[in-house]
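For reference, the structure discussed in these notes is given below.
Number of protein chains: 2
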Amino acid sequence: MTGIHRLGNPLRHVFARGIVAAFSLLAAAVPLAAQTDPLPSWNDGATKQAIVDFVTAVTTEGRPDYVAPADRIATFDQDGTTWVSHPLYGQALFALDRVTAMAPDHPEWKDTEPFKSVLSGDRIAMAKFTEKDWMEIIATTHAGMSTADFEAIVADWLPKSENPVLKRPVTDLVYQPMIEVMEYLRDNGFRTYIVTGGGQEFVRVYAQDVYGIPPEQVVGSSIVTKYATVDGKPALMREPKVFFIDDGPGKAVGINLFIGKRPLIAFGNSDGDKEMLQWTTDGPGARLGLLVLHDDAEREFAYGPADGLPDTKVGTFSQALMDAAKGNGWIVISMKGDWKRIFAFE
Amino acid sequence: MTGIHRLGNPLRHVFARGIVAAFSLLAAAVPLAAQTDPLPSWNDGATKQAIVDFVTAVTTEGRPDYVAPADRIATFDQDGTTWVSHPLYGQALFALDRVTAMAPDHPEWKDTEPFKSVLSGDRIAMAKFTEKDWMEIIATTHAGMSTADFEAIVADWLPKSENPVLKRPVTDLVYQPMIEVMEYLRDNGFRTYIVTGGGQEFVRVYAQDVYGIPPEQVVGSSIVTKYATVDGKPALMREPKVFFIDDGPGKAVGINLFIGKRPLIAFGNSDGDKEMLQWTTDGPGARLGLLVLHDDAEREFAYGPADGLPDTKVGTFSQALMDAAKGNGWIVISMKGDWKRIFAFE
Numbered sequence: 000m001t002g003i004h005r006l007g008n009p010l011r012h013v014f015a016r017g018i019v020a021a022f023s024l025l026a027a028a029v030p031l032a033a034q035t036d037p038l039p040s041w042n043d044g045a046t047k048q049a050i051v052d053f054v055t056a057v058t059t060e061g062r063p064d065y066v067a068p069a070d071r072i073a074t075f076d077q078d079g080t081t082w083v084s085h086p087l088y089g090q091a092l093f094a095l096d097r098v099t100a101m102a103p104d105h106p107e108w109k110d111t112e113p114f115k116s117v118l119s120g121d122r123i124a125m126a127k128f129t130e131k132d133w134m135e136i137i138a139t140t141h142a143g144m145s146t147a148d149f150e151a152i153v154a155d156w157l158p159k160s161e162n163p164v165l166k167r168p169v170t171d172l173v174y175q176p177m178i179e180v181m182e183y184l185r186d187n188g189f190r191t192y193i194v195t196g197g198g199q200e201f202v203r204v205y206a207q208d209v210y211g212i213p214p215e216q217v218v219g220s221s222i223v224t225k226y227a228t229v230d231g232k233p234a235l236m237r238e239p240k241v242f243f244i245d246d247g248p249g250k251a252v253g254i255n256l257f258i259g260k261r262p263l264i265a266f267g268n269s270d271g272d273k274e275m276l277q278w279t280t281d282g283p284g285a286r287l288g289l290l291v292l293h294d295d296a297e298r299e300f301a302y303g304p305a306d307g308l309p310d311t312k313v314g315t316f317s318q319a320l321m322d323a324a325k326g327n328g329w330i331v332i333s334m335k336g337d338w339k340r341i342f343a344f345e
Numbered sequence: 000m001t002g003i004h005r006l007g008n009p010l011r012h013v014f015a016r017g018i019v020a021a022f023s024l025l026a027a028a029v030p031l032a033a034q035t036d037p038l039p040s041w042n043d044g045a046t047k048q049a050i051v052d053f054v055t056a057v058t059t060e061g062r063p064d065y066v067a068p069a070d071r072i073a074t075f076d077q078d079g080t081t082w083v084s085h086p087l088y089g090q091a092l093f094a095l096d097r098v099t100a101m102a103p104d105h106p107e108w109k110d111t112e113p114f115k116s117v118l119s120g121d122r123i124a125m126a127k128f129t130e131k132d133w134m135e136i137i138a139t140t141h142a143g144m145s146t147a148d149f150e151a152i153v154a155d156w157l158p159k160s161e162n163p164v165l166k167r168p169v170t171d172l173v174y175q176p177m178i179e180v181m182e183y184l185r186d187n188g189f190r191t192y193i194v195t196g197g198g199q200e201f202v203r204v205y206a207q208d209v210y211g212i213p214p215e216q217v218v219g220s221s222i223v224t225k226y227a228t229v230d231g232k233p234a235l236m237r238e239p240k241v242f243f244i245d246d247g248p249g250k251a252v253g254i255n256l257f258i259g260k261r262p263l264i265a266f267g268n269s270d271g272d273k274e275m276l277q278w279t280t281d282g283p284g285a286r287l288g289l290l291v292l293h294d295d296a297e298r299e300f301a302y303g304p305a306d307g308l309p310d311t312k313v314g315t316f317s318q319a320l321m322d323a324a325k326g327n328g329w330i331v332i333s334m335k336g337d338w339k340r341i342f343a344f345e
């Protein structure tokens with residue numbers, strides 16, 4: 000009988016955990032080159048190397064740009080950066096499906112815009128929806144229930160959802176290279192945040208499962224919520240009124256409001272991410288800003304209009320943003336050139 | 000030469016850390032009774048026992064109320080719960096000192112209320128300030144600068160601050176028993192949050208040093224912040240307009256907004272904490288709500304008006320709150336009876 004077997008049962012279990020911990024630490028000391036590639040879906044090249052070099056610079060003790068784990072913050076835009084946003088944002092698909100699901104209780108919608116066009120599947124009319132039309136659809140489908148009920152509605156919808164072009168549920172259409180970057184950053188002591196123009200409560204429903212990101216690390220747009228007593232129990236009721244728009248300049252404001260620390264690294268893909276990258280890379284020490292360019296019509300979509308890519312209203316990457324990237328040293332990720340694989344199911 | 004000495008130097012260091020980890024885990028397995036008391040500033044009794052029993056119930060694997068570490072959320076009101084709020088809130092002392100500091104640039108204040116009363120030290124007039132008066136003082140002293148400049152102003156003020164009765168800097172006047180509870184909860188896998196009616200940016204300046212709580216775990220009231228470019232650099236400018244009031248029902252809303260998870264345990268002391276405790280203890284499984292009653296005029300202050308204590312406008316503990324505590328099974332912490340020591344400097 001060896002020493003460990005003489006210990007009482009719970010103590011032996013605990014001691015065994017200690018041994019496992021010791022071997023985990025040994026594994027962590029193996030030189031980087033000998034380890035498995037942390038970013039296997041990225042092609043070798045300048046972009047991948049810049050990410051690895053940045054992480055090495057801020058996590059290696061004794062290096063001039065070393066940052067303590069508590070301040071290692073990474074922020075990711077969602078639509079077009081971590082999952083597909085074409086031909087429509089995932090949350091817009093949800094809103095349109097909700098209009099259909101709610102229609103039996105609203106016979107008047109058959110003759111009332113913008114609902115009429117949604118229900119008749121008039122894509123040409125829907126493409127011309129104004130911001131006011133969309134606000135009316137969002138207010139109708141996203142408010143008037145408790146946060147708990149809203150979460151249940153989203154959770155029920157997700158597996159039934161379908162991207163109209165790629166014919167997959169929205170949660171299948173996450174970019175595997177970005178999932179790998181998130182895991183790589185977390186393995187190096189970073190906390191990863193979603194900072195999205197989309198709805199905070201919407202994204203929180205699946206962020207843990209899809210991105211490994213807990214609710215408190217999802218920063219997004221929100222509507223007003225009111226505390227109420229429903230059937231003798233406290234509830235948080237969602238009201239049809241905008242509270243906070245986490246887009247453009249709002250992303251820098253939202254980061255300060257929710258995190259209170261400036262990110263070291265930020266990922267975006269569109270004009271709405273410009274201020275987040277400015278706020279990030281203007282901080283002292285090593286910082287990195289990256290933008291995903293959708294230049295792969297074969298495997299996903301191609302849109303800009305930067306670099307002569309087709310124009311779009313959904314996730315615009317303007318030439319002005321491209322110029323800002325060049326002026327600020329932000330890295331433009333080419334989906335076509337930098338990503339070996341786009342989706343996990345490939 | 001033993002085995003560990005034959006390992007290369009970095010590996011030996013790492014292995015030694017593993018051994019230390021193994022022994023730490025062994026120490027953790029020693030029965031509670033044999034360990035050092037985690038709450039030495041609390042008198043033995045029902046309140047202390049209830050806290051320890053609750054933590055044991057939700058952190059012991061296999062127990063019916065066990066909760067995974069990711070969901071162990073604890074929230075603390077600040078004023079009157081974790082630090083002194085009498086005769087005035089700490090942040091009100093800051094605002095009044097700022098009026099004095101800013102007065103040379105505002106000669107018109109000598110003849111303009113509410114500034115005139117502040118500058119002349121007219122305590123009777125100040126005691127009668129309306130909410131509008133206070134809003135004007137807050138807007139003047141808390142807005143019109145960048146978040147970075149505001150943080151610097153607060154950091155500069157803190158060591159010079161003085162509670163007018165206890166004659167100590169505000170950051171000395173934290174309740175040692177609550178610091179111990181925070182550390183005890185964190186040692187048991189909880190994340191501790193401040194959820195305060197006070198200013199989020201104000202509290203963030205000292206929360207890490209004073210409470211061991213990082214900026215992203217401070218939820219509070221806030222004013223509107225705008226992204227701007229100042230001298231060619233991005234800045235977040237504080238505007239004299241309320242954005243969010245984290246008090247009363249707003250505390251439940253703020254908890255959902257910033258954390259997205261319901262606390263397991265919440266500490267408060269006044270009517271403004273009622274909804275936070277309702278929201279917390281209405282959740283499934285074991286939950287605990289606690290309220291600090293200021294019933295110790297000798298060592299701190301005595302106010303209610305619950306239980307016949309003197310009435311106050313600063314941190315009111317009404318008889319209605321006392322009735323709600325009884326009805327909901329919330330624990331009332333008696334400063335006089337439950338706390339062996341109130342301040343670390345005693």
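Protein sequence lines correspond, in order, to chains W and R. Letter 313 of the first sequence, counting from 1, is numbered 312 in numbering that gives the first Met the number 0, and no numbers are missing. Letter 73 of the second sequence, counting from 1, is numbered 72 in numbering that gives the first Met the number 0, and no numbers are missing. No residue lacks a Cβ here, since even glycine has one placed at the ideal position from N, Cα and C. Keep in mind the model is a prediction, meaning the values are calculated, not measured.
query                                                                                                                                                                        : result
Taking ILE264 (chain W) as the reference, give the member of W:PHE201, W:SER40, W:ASP52 with the closest Cα.                                                                 : W:ASP52
Helix, strand or coil, according to DSSP, for ILE18 (chain R) in the structure here?                                                                                         : Per-residue confidence for ILE18 (chain R) stands at a pLDDT of 42, beneath the threshold of 50, marking its modelled position as unreliable; no derived number is given.
With 7 Å as the C-beta to C-beta threshold (strictly closer), list the residues of the region 190-205 of chain W near chain R in chain order.                                : ARG203
Going by the CB atoms, is the gap between ASN268 (chain W) and PHE300 (chain W) shorter than 8 Å?                                                                            : no
Near PHE344 (chain R), what residues of its chain come up, given a Cβ to Cβ distance below 7 Å and the 5 sequence neighbours on each side ignored?                           : ASP171
Hey, is LYS240 (chain R)'s beta-carbon within less than 8 Å of any beta-carbon in chain W?                                                                                   : no
What residue range does the alpha helix (DSSP H) around SER160 (chain R) cover?                                                                                              : Neither: SER160 (chain R) is in no alpha helix (DSSP H) and is coded neither H nor E.
Buried or exposed for GLU215 (chain W), please, with buried defined as at least 16 other CB atoms from any protein chain shown within 10 angstroms of its CB.                : buried
Against chain R, with Cβ distances strictly below 8 Å, would TRP156 (chain W) count as a contact?                                                                            : no
Does the beta-carbon distance from GLN175 (chain R) to ILE341 (chain R) come in below 8 Å?                                                                                   : yes
DSSP three-state call for ALA28 (chain R): helix, strand or coil?                                                                                                            : Its pLDDT being 49, under 50, ALA28 (chain R) is placed unreliably by the model, and the measurement read from it follows with that caveat. ALA28 (chain R): coil per DSSP, three-state reduction.
Consider the Cβ of VAL252 (chain W): report whether some Cβ of chain R lies at a distance smaller than 8 Å.                                                                  : yes
Which term fits LYS47 (chain W), buried or exposed, when burial requires 16 or more other beta carbons within 10 angstroms of its beta carbon?                               : buried
Leaving out five residues before and five after LYS260 (chain R) in sequence, what residues of the same chain have Cβ atoms less than 7 Å from its Cβ?                       : ASP70, ILE72
Is the beta carbon of THR280 (chain W) less than 8 Å from the beta carbon of VAL194 (chain W)?                                                                               : no
Let me check one thing: in DSSP terms, what residues is PRO309 (chain W) bridge-paired to?                                                                                   : The partner list for PRO309 (chain W) (beta bridge, DSSP) is empty, contrary to what the question assumes.
Measure the alpha-carbon distance for LEU38 (chain W) versus MET177 (chain W) and round it to whole angstroms.                                                               : 9 Å
For the region 130-149 of chain R, list every residue whose C-beta sits within 8 Å of some C-beta in chain W, in sequence order.                                             : THR146
Could you spell out the range, first to last residue, of the beta strand (DSSP E) harbouring LEU237 (chain R)?                                                               : For the sequence presented, residue 237 (chain R) should be read as Arg rather than Leu. Start and end: 232-243.
Inspect the beta-carbon positions of VAL164 (chain W) and LEU92 (chain W) and report whether they are closer than 8 Å.                                                       : no
Give a yes or no on whether 8 Å exceeds the smallest Cβ distance from PHE257 (chain W) to chain R.                                                                           : yes
Which of the residues in the region 277-302 of chain R, read from start to end, lie with their CB under 7 Å from any CB of chain W?                                          : GLN277, TRP278, ASP281
Between W:THR228, W:ASN327, W:PRO239, which has its C-alpha nearest ALA251 (chain R)'s C-alpha?                                                                              : W:THR228
For SER84 (chain W), I'd like the list of residues in its chain whose CB is within less than 7 Å of its CB, leaving aside the five on either flank, ordered along the chain. : ASP78, VAL313, GLY314
If we define contact as Cβ-Cβ less than 8 Å, is LEU235 (chain R) a contact residue for chain W?                                                                              : yes
Considering just the uninterrupted stretch of the alpha helix (DSSP H) at ALA265 (chain W), what are its terminal residues?                                                  : Where ALA265 (chain W) is concerned, there is no enclosing alpha helix (DSSP H), although the beta strand (DSSP E) it sits in stretches over 264-267.
If I'm right that ASP270 (chain W) touches LEU320 (chain W) with Cβ under 8 Å, what's the distance once you round it to whole angstroms?                                     : 5 Å
If the criterion is Cβ atoms closer than 8 Å, does the pair VAL223 (chain W) and PHE242 (chain W) meet it?                                                                   : yes
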